[in-house]
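In what follows, a structure is listed as structure tokens, so that the remarks can point back to it.
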Amino acid sequence: MAAIVWAIIGAPVALAAWSLATPRSNLVRHLPLAAASTILVSGLVFVADLGEVPTALDGMLRVDALTAYLLCVVGAVAVVATGGAQTPTPNGRFSALMCLFLAAMSVAVLADNLGLYWVAIEATTITTAFLVAHGGGRHGLEAAWKYVVLGSIGVAIAFLGIVLLYTASGDTPSLSSVALVGRPALAETAPIGLALAVLGFATKSGLAPMHSWLPDAHSQAPAQVSGLMSGVLLSVAFAGILRLKAISDHALGVELMRTLLSIGALLSLAVAATLVLTQRNYKRLLAYSSIEHMGILALGTAIGGPVATAAVLLHILGHGLTKAGLFVVAGRTLHATGSHEIADVHSLLTRSPSLGRAWLAGTAALLGFPPFGLILTELAIVVAGYQRGMGLVTTIALGLLLVVFAGISRHVLAMTLTRHSAVHDAPDERSSPFESDPATRPQRIIVLAGFGAVACLPLLAWPLADVLSTATSALGLTP
Amino acid sequence: MTSAPMTAQLLATAAGALLLTAVLLLWRRSIAGAAGLLAVQGMALAGLSTAAATEGEPVLYALAPLLALIKAAVIPALIWRGARDPDAGTEASPVVNPTTGMLLAAALTTVAFLVGTPVASATARSTGAATPVGLAVVLIGFLMLATRRQALGQIIAFVVVDNGIGATATLAGGGLPPIIEIGVLFDVLLVVVILLVLTRRIRRVLPLPDISRLNELRD
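Chains as they are written, first to last, in my numbering: chain Y, 3 to 481; chain X, 42 to 260.
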């Protein structure tokens with residue numbers, strides 16, 4: 003099993019080297035998908051055999067249930083993002099950076115050492131910097147600059163926190179989150195360390211008020227990069243917060259993290275609610291929706307307990323698949339219409355039916371219309387919130403969620419259904435079809451399969467029940 | 042092995058140099074001069090690491106030369122090269138004047154000593170007493186970050202913040218496990234390289250790389 007651990011990191015790195023070696027070969031376009039599939043298959047192997055906890059590198063890499071589950075999430079979301087959209091021409095450097103990005107996220111998920119986790123998170127910033135700037139131009143550079151500066155400063159704060167936590171962890175200092183959950187007493191400086199570490203990783207997870215880089219970076223990056231960053235990188239950074247919360251709850255009680263995460267959750271939902279309503283750019287709309295969903299994750303984590311935590315984990319999967327698919331669809335829409343303005347895209351259902359249908363299906367999944375599974379995870383979090391004495395926070399969050407719901411539905415309906423009579427275009431322009439949807443048949447199927455999986459989320463919860471309950475107990479909770 | 046008084050002297054000198062260079066960096070606005078100060082700060086950091094190694098594992102001695110190479114040679118050289126561009130020059134419009142900067146630095150150092158004392162008392166190491174110096178450098182770095190408007194000034198501030206965190210880790214905890222330290226070192230180097238490449242590209246679209254003019258993406 004330890005060999006698989008190394009394969010998860012080694013395969014994407016090898017594929018990156020391959021991309022650089024033959025940059026013009028047409029095969030290069032598909033290598034990120036190969037890397038993503040490797041991660042997904044390895045994750046499934048670990049989920050199927052939970053009894054063992056393989057370790058490598060002196061225990062710095064460790065596959066517990068949470069890791070196995072998150073590997074599946076990274077793999078599945080990456081398959082949707084990299085399979086749903088490929089670069090139009092072979093680009094060795096682009097494919098190599100995508101593979102290295104996947105490798106860095108795998109290391110972050112596998113690491114049972116806060117220092118190594120930090121190195122991997124910083125590596126995700128490094129590998130994605132030029133992917134964000136890939137579109138080029140002033141806007142791409144502006145987005146990449148803000149992303150790298152704010153991302154690096156954010157995780158620098160986290161690093162300071164980790165250092166303080168390390169020095170506060172007793173006579174035999176440790177960075178292993180598993181070992182730290184077991185430590186009964188941490189020195190009095192531990193709360194500062196934990197709070198700084200959570201604050202830092204919250205920057206990378208796009209939680210307000212440290213979210214300002216996110217809408218820029220996610221809207222400027224190419225479709226598959228936005229899909230990966232929004233769908234899974236945010237959650238990989240959030241997984242660090244989950245591990246830190248387990249340490250904090252165990253040593254200091256639940257109040258510290260509950261307060262921090264409640265503030266983050268409500269601010270994120272408020273930011274999303276305000277800016278979704280007035281949004282004019284559909285990629286930014288999706289980016290703000292990601293901030294909203296990170297707010298939901300933070301809310302569920304603040305509430306805590308086995309039900310809310312399991313719902314948070316399932317929500318990570320559902321949101322990841324949906325958002326990766328939607329960003330890919332947004333990229334196709336940009337290609338077909340040549341505009342990222344919501345106002346320029348209308349009557350999509352008649353002018354480009356495949357895009358219109360994909361937008362409607364994806365948005366229904368994102369907003370949690372039945373049968374899509376996100377409504378169940380959100381309900382579980384809300385119910386747990388009322389049960390565990392967080393009624394006020396939960397009620398405010400519900401109100402903000404309704405606003406986001408209304409805002410996103412309004413914009414997507416305007417894009418897909420509305421005949422744009424308000425704009426006095428020439429009549430022929432109003433109804434003329436857009437350029438054809440650039441996606442190939444397999445690409446469309448992969449995205450729809452992602453949405454389909456979200457529709458089956460309640461059914462998936464059944465085979466995943468074991469891994470989810472073991473993962474929540476790894477976070478120090480007894481079911 | 043270094044003898045105990047030698048170690049104490051090395052520690053005091055290095056910690057002093059670290060704080061002094063941070064304050065001078067805040068005051069000096071020429072980028073080329075800042076690169077030189079960063080090199081001195083990098084050497085001070087390597088000195089701290091050597092002093093801490095006397096109490097830790099021998100492997101830490103191997104880390105100090107690597108630290109000196111990257112922090113005192115490679116990163117300052119890269120920034121110096123970036124500053125040679127004719128239009129890089131000095132900070133165009135400082136947000137705070139030098140006197141205010143000095144007063145703020147003094148205030149931040151005081152805060153660092155107030156916050157750092159419990160951290161220092163939590164560690165059994167003899168180097169622990171100097172921990173507030175590391176925190177002061179971090180805070181001064183953040184002040185630079187908030188007040189510098191030019192791309193290169195921001196990169197220098199980022200390096201100062203990282204040097205401060207590195208110093209805190211070394212002083213309070215004797216450094217993190219070597220494999221982590223090396224990973225962190227290369228991460229920081231790569232971030233600096235990426236930011237310098239982005240700066241060069243930004244200069245092609247914006248003649249003066251004033252990052253406050255990067256304001257077209259907003260809601």
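All C-beta atoms in this analysis are idealised placements derived from N, C-alpha and C, irrespective of residue type, glycine included.
When the five nearest sequence neighbours on each side are left out, the beta carbons in the same chain lying within less than 6 Å of the beta carbon of L212/X are those of T168, A171, T172, G175, in order along the chain. For V234/X, the enclosing alpha helix (DSSP H) begins and ends at 219–246. Exclusion of the five residues before and after G387/Y leaves I305, T396 as the residues of its chain whose Cβ lies within less than 6 Å of its Cβ.
For L79/X, not one C-beta of chain Y is nearer than 7 Å to its own C-beta. The beta carbon of A170/Y falls within 7 Å of a beta carbon belonging to chain X, placing the residue at that interface. As for any beta strand (DSSP E) of minimum length 3 sitting wholly inside the stretch 231–289 of chain Y, there is none. With a cutoff of 7 Å on beta-carbon distance, L217/X and G117/Y are scored as near each other.
Contiguous alpha helix (DSSP H) elements confined to the stretch 27–110 of chain Y occur at 33–50, 67–86, taking only those with 4 or more residues. What A158/Y touches in chain X, judged by beta-carbon distance under 8 Å, is F199, V202, D203, I206, going in chain order. With a threshold of 7 Å between beta carbons, P159/X makes contact with chain Y. Comparing alpha carbon positions, the residue from V347/Y, A310/Y, H413/Y, A338/Y closest to V385/Y is A310/Y. Residue range 393–418 is occupied by the alpha helix (DSSP H) that includes H413/Y. DSSP places S475/Y in the uninterrupted alpha helix (DSSP H) bounded by 467–476. Secondary structure of A210/Y (DSSP, three-state): coil. Listed in chain order, the non-local C-beta contacts of G327/Y below 7 Å within the same chain comprise V82, G86, G364, V449, G452, F453, local neighbours out to five positions each way being set aside. Taking C-beta separations shorter than 6 Å and ignoring five residues to either side along the sequence, the partners of A198/X in its chain run G182, M185, L186, R189, following chain order.
With its beta carbon less than 7 Å from one in chain X, S154/Y belongs to the interface. Put simply, the backbone Cα of L255/X is about 9 Å away from that of I243/X. Only residues of its own chain outside the window of five on either side were considered, and among them L72, V76, M107, A110, V111, I123, T126 have a CB closer than 8 Å to the CB of V238/Y, listed in chain order.
Counted as a single uninterrupted DSSP element, the stretch harbouring A187/Y is not any alpha helix (DSSP H), since DSSP gives it neither H nor E. CA-CA distance, A197/Y to A181/Y, rounds to 19 Å.
Against chain X, a Cβ distance below 9 Å from L419/Y picks out nothing, because the smallest value is about 25 Å. At least 7 Å separates the beta-carbon of A313/Y from that of T420/Y.
Contact residues of the stretch 111–144 of chain Y toward chain X are N115, G117, L118, W120, V121, E124, A125, T127, I128, A131, F132, A135, G139, R140, H141, L143, E144 (C-beta to C-beta distance below 8 Å).
Contact check for G375/Y and G320/Y: beta-carbon distance about 5 Å, within the 8 Å limit, so the pair qualifies. With at least 16 other beta carbons inside 10 angstroms of its own, N115/Y counts as buried. Within the model, the alpha-carbon separation for L79/X versus V64/X is close to 11 Å.
Note on geometry: alpha-carbon atoms of V115/X and M231/Y lie some 31 Å from one another. When the beta-carbon positions are compared, A113/X and L89/X stay at least 7 Å from each other.
Setting aside the 5 residues that flank it on each side, A76/X is surrounded in the same chain by P117, I120, W121, each with a C-beta closer than 6 Å to its C-beta; the list follows chain order. Within chain X, no C-beta atom comes nearer than 7 Å to that of P211/Y; the closest sits roughly 15 Å away.
E343/Y is bridged by DSSP to N283/Y. For the options V246/X, G215/X, D260/X, V238/X, the alpha carbon positioned closest to that of A87/X is the one of G215/X.
Among the CB atoms of chain Y, none fall inside 7 Å of the CB of D126/X.
As the crow flies, the alpha-carbon of G45/Y is around 36 Å from that of V238/X. By the Cβ criterion, the stretch 344–360 of chain Y is not in contact with the stretch 262–270 of chain Y, since fewer than three pairs of Cβ atoms, one from each stretch, lie closer than 8 Å.
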